[in-house]
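J.: Once you've had a glance at the structure underneath, I'll fire off some questions.
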Amino acid sequence: MAVNKGTFRVKKGMAEMQKGGVIMDVVNPEQAKIAEASGAVAVMALEKVPADIRVSGGVARMADPEIISAIMEAVTIPVMAKCRIGHQAEAQILEFLGVDYIDESEVLTPADEKYHINKHKFTVPFVCGARDLGEALRRIGEGAAMIRTKGEPGTGNVVEAVRHLRQVMAQIRLVENAPEEELMTIARELGAPYEQLREVKAQGKLPVVNFAAGGVATPADAALMMQLGADGVFVGSGIFKAHDPQKRARAIVEATLHFDDPEVLAKVSRKLGEAMAGIDMAMLTDADRMQIRGA
Amino acid sequence: MKDFGNLKIGILALQGAVAEHVQSVQKCGASAVAVRREPAIIKELDGLILPGGESTTIGRLGSLYGFREEIRNLAAGGKPLFGTCAGLVLLAEEVEGQDPLLPLLSVSVKRNAYGRQRESFEADLEIEALGSEPFCGVFIRAPRITSVSREVEILAEFENTIVGVRQGNIIATAFHPELTDDLRIHRYFLLQALESRASRTPSTAS
């Protein structure tokens with residue numbers, strides 16, 4: 001009997017199983033266990049959360065395999081890990097380690113300023129960041145099986161995540177309503193692969209799951225992203241940079257489910273302690289802005 | 296082909312691949328309701344699907360927001376339940392290394408039994424109850440049924456492991472029929488719902 005591994009259906013299907021969920025950044029097994037017990041659908045194994053990457057500066061690379069393996073052993077939920085944009089060797093290492101999803105991420109310092117990884121060649125699925133529909137469809141064209149809007153990682157400021165998700169959603173509506181003969185021109189304008197764009201028109205949505213990321217720090221932030229049409233949320237620094245990570249993690253999971261119920265949102269937002277400090281976008285120079293890496 | 300038009304099927308929508316099941320049920324001609332906020336809706340359903348997702352997440356939210364009792368009551372009333380992947384884990388009486396959630400199905404399961412995501416696969420399954428045409432089984436970090444009690448009927452096997460079962464009004468698969476265009480398992484489930492409904496309605500159905 002033929003057994004097919006790494007088909008696009010099982011890659012994309014894996015992300016579909018994560019819908020409605022929260023994926024949390026963790027840097028050690030203890031945090032991973034807190035995330036799992038709080039109801040996270042997956043963890044992102046890192047050496048440093050984005051907020052700390054900002055502070056320490058320098059080149060941010062794939063985490064030490066020792067840390068990733070320790071986190072994989074600590075939990076039964078899926079474990080994701082990041083490689084640098086265009087760094088296929090890091091991705092090969094992550095695939096060898098057995099991580100369940102690879103994030104080719106702008107949070108790390110890009111290894112290639114022009115090209116992304118050919119993700120079709122891997123058995124393990126990839127998630128990539130995007131700020132608009134063209135970028136999302138280019139990544140899907142390269143083989144990404146999941147998209148996350150980029151936001152601005154490590155800022156605890158949801159404004160960029162909102163901008164990017166609204167942009168993607170507005171462009172999907174535009175494509176959906178456009179007559180067939182305009183699609184090629186729209187494809188050229190967006191820099192999107194034509195075939196992928198046709199899929200968007202046919203389905204009225206991205207052809208893969210789309211999570212929100214980059215600046216989500218509170219239960220209300222998560223609820224907002226779900227209201228704007230995200231399939232789920234990534235929370236990076238927002239949980240373990242906060243005063244009471246466990247309580248906040250649980251609250252964000254519940255807020256993601258009950259995103260349209262202010263009563264539940266009010267309840268879970270009570271007495272969470274201090275959120276991460278956060279950064280105003282006006283304080284960031286272009287060099288600080290992770291979102292412009294790898295378009 | 297049977298007319299499923301009168302059936303109202305719920306899909307537990309706490310987390311996971313809900314939309315895919317909604318579509319499959321609708322394509323079969325029945326109406327589908329995503330049950331996300333109000334467990335009480337379950338009382339009005341003709342059957343419930345527990346979708347794939349993360350069983351730890353769905354389990355936690357299900358207990359927290361009062362879904363457990365409603366699901367158990369639905370099953371006790373003879374209405375059918377259908378669990379896929381995480382749904383199977385939630386239904387199982389025994390789960391390796393984890394507390395069972397509902398438990399309604401006399402099987403033991405091991406989570407992620409085929410390995411991590413890189414081991415996820417598709418394979419054609421021969422399922423006698425569905426006829427001779429093979430069924431494409433999509434297995435994603437799938438659980439395995441390690442043992443079943445006598446009252447459990449085995450529906451599907453893959454390389455000597457049990458991947459689909461039925462026990463009375465409960466059907467469960469380790470794989471994801473909702474990720475394919477093949478509606479035969481959903482129809483099989485809807486047929487149970489139709490029979491269960493007929494047995495609850497004393498006179499001729501409207």
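Residue numbers (our numbering), protein chains in the order written: chain A, 1 to 295; chain B, 296 to 501. Note that CB positions come from ideal geometry on N, CA and C, so glycine has one too.
1. Can you look up residue 501 of chain B in the DSSP assignment and give me helix, strand or coil?
2. Check for me: the beta strand (DSSP E) holding residue 20 of chain A runs from which residue to which?
3. Excluding the 5 residues preceding and the 5 following residue 251 of chain A in the sequence, name in chain order all residues of the same chain whose CB lies nearer than 7 Å to its CB.
4. Tell me whether the beta-carbon of residue 471 of chain B lies closer than 8 Å to the beta-carbon of residue 319 of chain B.
5. Using Cβ-Cβ distances below 8 Å, what residues of the segment 296 to 321 of chain B are close to chain A?
6. So with Cβ pairs under 8 Å, would you call residue 36 of chain A a contact of chain B?
7. Does the segment 74 to 88 of chain A come close enough to the segment 104 to 114 of chain A to have 3 or more Cβ pairs within less than 8 Å?
8. From residue 205 of chain A to residue 171 of chain A, what does the alpha carbon distance come to, in whole angstroms?
9. Which runs of the alpha helix (DSSP H) at least 4 residues long sit entirely within the segment 220 to 246 of chain A? Give them in chain order.
10. For the beta strand (DSSP E) that contains residue 402 of chain B, what are its first and last residues?
11. Give me the Cβ distance between residue 365 of chain B and residue 387 of chain B, rounded to the nearest whole Å; I'm assuming they're in contact under 8 Å.
12. Quick one: residues in its chain with C-beta nearer than 8 Å to the C-beta of residue 118 of chain A, no 5 flanking neighbours on either side, listed in chain order?
13. Between residue 101 of chain A and residue 421 of chain B, what straight-line distance do the alpha-carbon atoms span, to the nearest angstrom?
14. For residue 90 of chain A, return the contacting residues in chain B, with the cut-off set at a CB-CB distance below 7 Å.
15. Output, in chain order, the set of chain B residues within a Cβ distance shorter than 7 Å of residue 258 of chain A.
16. Within a Cβ cutoff of 7 Å, which residues of the same chain sit near residue 348 of chain B, ignoring the five residues on either side of it in sequence?
17. Could you check what DSSP says for residue 271 of chain A in three-state terms: helix, strand or coil?
18. Report, in whole angstroms, the separation of the C-beta atoms of residue 413 of chain B and residue 98 of chain A, which I expect to be a contact under 8 Å.
19. Listing by chain order, which chain B residues have their CB less than 9 Å from the CB of residue 144 of chain A?
20. To which residues does DSSP link residue 442 of chain B through a beta bridge?
21. Looking at C-beta atoms only, is the number of pairs between the segment 54 to 66 of chain A and the segment 6 to 26 of chain A that lie closer than 8 Å three or more?
22. What does a CB cutoff of less than 8 Å around residue 94 of chain A pick up in its chain, not counting 5 residues either side in sequence?
23. For residue 3 of chain A, return the contacting residues in chain B, with the cut-off set at a CB-CB distance below 8 Å.
24. Beta carbon of residue 476 of chain B: closer than 7 Å to some heavy atom of the ligand GTP?
25. Quick check: residue 276 of chain A and residue 152 of chain A, are their CB atoms within less than 8 Å of each other?
26. Considering only C-alpha positions, which residue in the set A:291, A:140 and A:9 is nearest to residue 196 of chain A?
27. Rounded to a whole number of angstroms, what is the C-alpha to C-alpha distance between residue 490 of chain B and residue 408 of chain B?
28. I want to see whether chain A comes within less than 8 Å of residue 474 of chain B, judged by CB atoms only; does it?
29. Counting only Cβ pairs nearer than 9 Å, list the residues of chain B close to residue 101 of chain A.
30. Can you look up residue 491 of chain B in the DSSP assignment and give me helix, strand or coil?
31. From residue 331 of chain B to residue 362 of chain B, what does the alpha carbon distance come to, in whole angstroms?
T.: On the basis of the data shown:
1. Unreliable placement is indicated for residue 501 of chain B, whose pLDDT of 47 sits below 50; the coordinate value is still reported in the next sentence. Here residue 501 of chain B sits in coil by DSSP.
2. Where residue 20 of chain A is concerned, there is no enclosing beta strand (DSSP E), because DSSP gives it neither an H nor an E.
3. 219, 268, 269 and 272
4. no
5. 308, 309, 310, 311, 312, 313, 314 and 315
6. With 8 Å as the cut-off, residue 36 of chain A counts as an interface residue toward chain B.
7. yes
8. 10 Å
9. Listed in chain order, the complete alpha helix (DSSP H) runs (minimum 4 residues) inside the segment 220 to 246 of chain A are 237 to 240.
10. 400 to 405
11. The pair is not a contact, with the Cβ atoms about 19 Å apart (cut-off 8 Å).
12. 88, 142 and 143
13. 30 Å
14. By Cβ distance, chain B contributes nothing, its closest Cβ being about 16 Å from residue 90 of chain A, past 7 Å.
15. Ordered by position in chain B, the residues that pass the 7 Å Cβ test against residue 258 of chain A are 332.
16. Leaving aside the five residues that flank residue 348 of chain B on each side, the residues in its chain whose CB is nearer than 7 Å to its CB run, in chain order, 310, 311, 312 and 381.
17. Per DSSP, reduced to three states, the secondary structure at residue 271 of chain A is coil, with no helix or strand assignment.
18. 6 Å
19. By Cβ distance, chain B contributes nothing, its closest Cβ being about 15 Å from residue 144 of chain A, past 9 Å.
20. B:403
21. no
22. Closer than 8 Å at Cβ, skipping near neighbours: 62, 68, 81, 83, 102 and 124.
23. 416, 417 and 418
24. Absence of the ligand GTP is noted for the structure shown, with no ligands found whatsoever.
25. Cβ atoms of residue 276 of chain A and residue 152 of chain A: not closer than 8 Å.
26. The option with the nearest alpha carbon to residue 196 of chain A is A:140.
27. 34 Å
28. Taking a beta-carbon distance threshold of 8 Å, residue 474 of chain B counts as an interface residue toward chain A.
29. Using a Cβ-Cβ cut-off of 9 Å, residue 101 of chain A is close to 412 of chain B, given in chain order.
30. Three-state result, residue 491 of chain B: helix.
31. Rounded to whole angstroms, residue 331 of chain B to residue 362 of chain B spans 10 Å at the Cα level.
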